[in-house]
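In this note's numbering, each number is its position in the sequence shown, counted from 1, plus 13.
All residues carry an ideal CB built from backbone N, CA and C; glycine is no exception.
Beneath this line is the structure, given in structure tokens, with notes to follow.
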Amino acid sequence: MVTLNLLIAVCLVYVAGLFLVAFLAERAALRGRGGWLLRSPLVYTLSLSIYCTAWTFYGAVGYAARSGLEYVTIYLGPSLVMIGWWWVLRRLVRIGRAQRVTSVADLISARYGKSNLLAVMVTVMAVVGVTPYIALQLQSVTLSVSIFASHETSSGQEAQITENAAFWVAAGLALFTVLFGTRNLNANERHHGVVIAVAVEAVVKLVALLAVGVFVVWGLSGGVSQTLERIDASQIATWHTGGGRWTALIVLSAAALVCLPRMFQVMVVENDDERHLQIASWAFPLYLMAMSLFVVPIAVVGLELMPAGTNPDLYVLTVPLSQGQNGLAMLAFLGGFSSATSMVIVATLALSTMMSNHIVMPLWLKLGETGAQQSGDVRDVVIRARRLSILLIISLGYLYYRASGGSGALAAIGLISFGGVAQFLPALLGGIFWRGATRIGAVAGLSVGFVIWLYTMLLPSFGPDAALSAAVFDHGLLGLGLLRPEALFGITDLDPVVHAVWWSLSLNTLFFFVVSIFSFPTPLERLQGAQYVNVFDHSSGPARGWSASEGGAEDLMIMSQRILGATEAQAFFVAQALQQGRVGGPPVPTPEFVQALERELAASVGAATANAMISQIIGGQAISVEDLMAVADESAQILEYSSQLETKSRQLTETARELSQANEKLMQLSLQKDNFLSQISHELRTPMTSIRSFSEILRDVEELSSAEKSRYASIIHSEAIRLTRLLDDLLDLSVLENGEVSLNARQVNLRDIIDQAVTTAQASSSRRVEIKRKLRAEEVDLFTDADRLAQVFINLVTNAIKYCDAASPVLTIAVRQQEEDLIVAFTDNGSGIPTVSQSLIFEKFARLGRGEGEGAGLGLAICREIITRLGGEVRYVQKETGGSFEVQLVRITPQVGAQRLLSA
Numbered sequence: 014m015v016t017l018n019l020l021i022a023v024c025l026v027y028v029a030g031l032f033l034v035a036f037l038a039e040r041a042a043l044r045g046r047g048g049w050l051l052r053s054p055l056v057y058t059l060s061l062s063i064y065c066t067a068w069t070f071y072g073a074v075g076y077a078a079r080s081g082l083e084y085v086t087i088y089l090g091p092s093l094v095m096i097g098w099w100w101v102l103r104r105l106v107r108i109g110r111a112q113r114v115t116s117v118a119d120l121i122s123a124r125y126g127k128s129n130l131l132a133v134m135v136t137v138m139a140v141v142g143v144t145p146y147i148a149l150q151l152q153s154v155t156l157s158v159s160i161f162a163s164h165e166t167s168s169g170q171e172a173q174i175t176e177n178a179a180f181w182v183a184a185g186l187a188l189f190t191v192l193f194g195t196r197n198l199n200a201n202e203r204h205h206g207v208v209i210a211v212a213v214e215a216v217v218k219l220v221a222l223l224a225v226g227v228f229v230v231w232g233l234s235g236g237v238s239q240t241l242e243r244i245d246a247s248q249i250a251t252w253h254t255g256g257g258r259w260t261a262l263i264v265l266s267a268a269a270l271v272c273l274p275r276m277f278q279v280m281v282v283e284n285d286d287e288r289h290l291q292i293a294s295w296a297f298p299l300y301l302m303a304m305s306l307f308v309v310p311i312a313v314v315g316l317e318l319m320p321a322g323t324n325p326d327l328y329v330l331t332v333p334l335s336q337g338q339n340g341l342a343m344l345a346f347l348g349g350f351s352s353a354t355s356m357v358i359v360a361t362l363a364l365s366t367m368m369s370n371h372i373v374m375p376l377w378l379k380l381g382e383t384g385a386q387q388s389g390d391v392r393d394v395v396i397r398a399r400r401l402s403i404l405l406i407i408s409l410g411y412l413y414y415r416a417s418g419g420s421g422a423l424a425a426i427g428l429i430s431f432g433g434v435a436q437f438l439p440a441l442l443g444g445i446f447w448r449g450a451t452r453i454g455a456v457a458g459l460s461v462g463f464v465i466w467l468y469t470m471l472l473p474s475f476g477p478d479a480a481l482s483a484a485v486f487d488h489g490l491l492g493l494g495l496l497r498p499e500a501l502f503g504i505t506d507l508d509p510v511v512h513a514v515w516w517s518l519s520l521n522t523l524f525f526f527v528v529s530i531f532s533f534p535t536p537l538e539r540l541q542g543a544q545y546v547n548v549f550d551h552s553s554g555p556a557r558g559w560s561a562s563e564g565g566a567e568d569l570m571i572m573s574q575r576i577l578g579a580t581e582a583q584a585f586f587v588a589q590a591l592q593q594g595r596v597g598g599p600p601v602p603t604p605e606f607v608q609a610l611e612r613e614l615a616a617s618v619g620a621a622t623a624n625a626m627i628s629q630i631i632g633g634q635a636i637s638v639e640d641l642m643a644v645a646d647e648s649a650q651i652l653e654y655s656s657q658l659e660t661k662s663r664q665l666t667e668t669a670r671e672l673s674q675a676n677e678k679l680m681q682l683s684l685q686k687d688n689f690l691s692q693i694s695h696e697l698r699t700p701m702t703s704i705r706s707f708s709e710i711l712r713d714v715e716e717l718s719s720a721e722k723s724r725y726a727s728i729i730h731s732e733a734i735r736l737t738r739l740l741d742d743l744l745d746l747s748v749l750e751n752g753e754v755s756l757n758a759r760q761v762n763l764r765d766i767i768d769q770a771v772t773t774a775q776a777s778s779s780r781r782v783e784i785k786r787k788l789r790a791e792e793v794d795l796f797t798d799a800d801r802l803a804q805v806f807i808n809l810v811t812n813a814i815k816y817c818d819a820a821s822p823v824l825t826i827a828v829r830q831q832e833e834d835l836i837v838a839f840t841d842n843g844s845g846i847p848t849v850s851q852s853l854i855f856e857k858f859a860r861l862g863r864g865e866g867e868g869a870g871l872g873l874a875i876c877r878e879i880i881t882r883l884g885g886e887v888r889y890v891q892k893e894t895g896g897s898f899e900v901q902l903v904r905i906t907p908q909v910g911a912q913r914l915l916s917a
């Protein structure tokens with residue numbers, strides 16, 4: 014007989030063994046040893062078994078006994094994701110590495126413009142959503158302890174032991190988690206000790222469940238065939254479930270694999286190599302299949318052997334105990350204990366990181382009288398914040414367990430948690446695949462989905478007259494029948510789980526997309542969106558190296574002391590110097606040393622800020638626009654929290670100015686494009702309306718005279734020519750931009766081309782402009798396409814005639830030589846083009862005229878494309894007495910000119 018004292022002793026020995034394994038793994042990782050094991054795909058795959066909690070160890074059997082094969086949905090969801098969606102998981106891992114995220118809240122908030130509001134929302138939602146799951150683990154361990162207690166105590170003593178067991182289990186798990194996860198801070202939030210311990214527990218719970226299954230099939234049933242006969246004769250074989258419930262459960266379990274904080278921790282944060290996902294994509298589903306292999310046989314035999322009223326969730330324990338298999342029952346208890354403890358450890362570890370980073374630390378820095386005056390205290394504050402967060406999270410789980418009475422099937426409690434974390438899915442998937450997703454949309458979707466989940470799933474789990482009154486269940490909130498928590502909006506006859514999942518996720522997704530469509534992202538959101546959606550273009554996986562060609566160890570030491578504190582900074586530098594074989598001197602700032610320092614600083618101030626501060630000192634690392642925006646945003650937060658970090662970089666200031674100018678230009682281009690579309694639609698509609706109107710007159714009015722018919726036909730003809738000219742310009746620009754134009758290069762005289770341009774421009778305008786030329790300077794031979802060059806000159810002369818605002822307009826055409834090329838300048842005596850518009854005049858959407866009928870803004874864009882194809886350049890130069898367009902042309906032999914035209 015297994016006594017309680019023996020049970021406690023075995024558990025303590027088991028826990029001590031896990032702690033030893035974790036300690037040895039952490040020490041090996043710090044010394045750079047054991048990478049073949051710590052960073053192996055086997056350990057990574059086994060760490061994913063954190064998905065299999067006490068719910069799947071105990072509750073799956075009870076689920077099968079109550080609902081037949083419906084338990085399979087809990088395994089199908091994650092298996093389908095790993096097999097069919099592993100490329101989505103790979104994208105998440107790549108984004109996590111590129112953005113240096115430490116939690117699912119970090120990833121979502123970083124996607125939507127580093128929004129702290131979103132980070133807080135996701136953190137709070139995760140804590141509330143995982144609380145029932147922690148209560149589930151407490152309930153499973155307490156129930157399993159009560160099974161052993163019932164054999165040596167009276168019913169009254171058993172109840173007392175069960176009542177106290179939940180508290181002591183919660184306290185023990187809290188202590189164990191604090192010792193496991195907060196002994197120190199890791200720069201990348203990776204915990205090799207925890208991961209290796211979880212991998213060991215994965216083996217223990219798998220072996221335990223398989224051992225019970227083997228005993229049931231071959232020890233009790235007599236073999237596989239006899240077991241199958243029992244299954245066919247059992248009521249489990251006749252139970253069915255609706256397709257809607259199966260679909261909802263598969264969606265929930267699939268979402269849980271991606272959105273649960275503990276799964277994100279082991280799958281994304283703890284990932285050392287993206288290639289591990291390829292192995293896990295088939296190995297993890299095999300693990301789940303092994304865990305589910307004997308669920309139905311154990312459930313069938315348990316229903317036959319155990320007395321009526323026995324809790325089917327505990328068949329894994331009670332069946333071996335009923336047959337006197339105490340050792341097997343002890344192994345099964347350790348398997349369930351492993352399932353519960355591993356879940357609580359990793360879940361609270363992930364949640365405590367989220368709470369300390371996004372809630373506790375910002376509040377501490379904001380409310381403290383001196384803020385972060387002593388940067389060396391930051392690490393201690395983070396550790397204390399995480400330990401307090403762990404205690405708070407497990408306390409919430411314990412309170413939920415007591416509030417719910419510790420009753421209810423384990424599977425039902427697990428589904429509540431799955432439904433809560435599934436609310437992250439629209440914002441998460443939308444953020445990594447849709448650049449149009451916005452912060453406001455994510456906030457709206459998460460808020461609506463979370464509120465509906467609370468009202469339709471979490472609060473009803475306490476039962477009537479607990480969190481919600483019986484009147485609310487029967488008549489709805491405020492007496493509105495449409496707001497009944499289990500029949501929302503008057504839809505009845507739905508399974509409660511399907512009802513809650515459908516309304517929460519559908520409205521979450523609807524609000525997310527609709528609000529995103531009707532809101533505009535900030536510049537940082539757009540940059541982050543591009544980096545997330547195109548992550549495989551923006552990142553190559555491994556972190557970029559440093560080139561420490563500038564700066565020295567003294568500068569790095571000064572910066573490190575301000576952040577880490579003098580003692581820790583000096584200890585770090587001494588240790589690094591000893592590793593380099595230098596005694597009594599500072600370390601050499603090699604790329605390896607600088608990377609190690611960056612990781613050390615990131616634990617206190619964040620990865621992006623640490624990266625930016627080191628780059629200010631030593632330089633040498635190429636920083637993309639997206640990285641600079643991330644650095645600027647994170648630096649702004651640090652400047653707000655700590656006056657000690659108020660140092661500004663000339664490089665970042667200049668970059669911020671350039672980014673501001675670029676954004677301003679983008680906004681101007683966007684406005685120009687809108688104006689262009691409006692203008693082009695107007696330009697197309699006007700002639701088409703005239704053509705339609707006058708053609709209808711010619712068709713319908715028979716009394717027209719010949720003169721009227723001729724006049725109307727002439728109008729139709731002129732409008733058709735106008736429409737054709739506009740379409741020709743658009744087609745010409747498209748052909749030029751795509752490089753599909755064929756050039757007819759030959760030897761031509763520059764003066765002939767200018768003569769043609771001036772004559773054509775003057776003939777098409779009634780306005781008179783004095784044109785000054787030096788004909789002798791124009792006697793130059795060129796090898797070029799005369800027609801295309803004349804097209805450019807005609808446009809420039811026409812623009813000067815049309816837009817020169819001088820009282821007596823004068824256009825000067827001057828030709829000068831510049832090395833091997835010629836410069837032809839078209840200078841008028843007007844006021845010129847405003848400075849703010851000069852950078853846009855050659856854009857194809859630019860339209861800088863002073864009236865509505867000045868053209869569609871394509872002329873200068875066509876000119877630029879033509880001159881580029883001719884191997885030259887066109888630019889605008891502001892003069893003191895007006896504006897000037899300068900065209901740089903090739904003046905060389907036909908052979909060399911042909912080569913330059915081909916290269917252009």
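By how many angstroms is the C-alpha of residue j removed from the C-alpha of residue i?
i, j, result
"residue 853", "residue 681", "8 Å"
"residue 873", "residue 895", "18 Å"
"residue 55", "residue 287", "13 Å"
"residue 487", "residue 506", "14 Å"
"residue 814", "residue 821", "11 Å"
"residue 782", "residue 768", "15 Å"
"residue 62", "residue 81", "23 Å"
"residue 720", "residue 708", "15 Å"
"residue 336", "residue 20", "18 Å"
Am I right that residue i and residue j are in contact with their C-beta atoms under 8 Å? What's the rounded C-beta distance?
i, j, result
"residue 356", "residue 275", "7 Å"
"residue 348", "residue 162", "Contact flag wrong, Cβ pair sits at about 19 Å."
"residue 403", "residue 187", "6 Å"
"residue 450", "residue 444", "5 Å"
"residue 321", "residue 333", "The pair is not a contact, with the Cβ atoms about 20 Å apart (cut-off 8 Å)."
Identify whether residue i lies in helix, strand or coil by the three-state DSSP scheme.
i, result
"residue 32", "helix"
"residue 841", "strand"
"residue 123", "helix"
"residue 495", "coil"
"residue 781", "coil"
Compare the beta carbon distance of residue i and residue j with 9 Å and say whether it is the shorter of the two.
i, j, result
"residue 101", "residue 271", "yes"
"residue 520", "residue 461", "yes"
"residue 67", "residue 353", "yes"
"residue 8", "residue 374", "In the structure as shown, the chain begins at 14 and stops at 917. Residue 8 is therefore absent and cannot be evaluated."
"residue 106", "residue 281", "yes"
"residue 224", "residue 77", "no"
"residue 407", "residue 190", "yes"
"residue 284", "residue 118", "no"
"residue 358", "residue 145", "no"
"residue 763", "residue 824", "no"
Any beta carbon of chain D sitting closer than 9 Å to that of residue i?
i, result
"residue 244", "In the structure shown, chain D cannot be found, because there is only a single protein chain."
Return the first residue and the last residue of the alpha helix (DSSP H) that residue i is part of.
i, result
"residue 146", "129-162"
"residue 372", "Taken as a continuous stretch (DSSP letters only), residue 372 belongs to no alpha helix (DSSP H), as it is neither H nor E."
"residue 242", "237-246"
Starting from residue i, trace the beta strand (DSSP E) in both directions and tell me its first and last residue.
i, result
"residue 895", "895-903"
"residue 762", "758-762"
"residue 796", "794-798"
"residue 828", "823-831"
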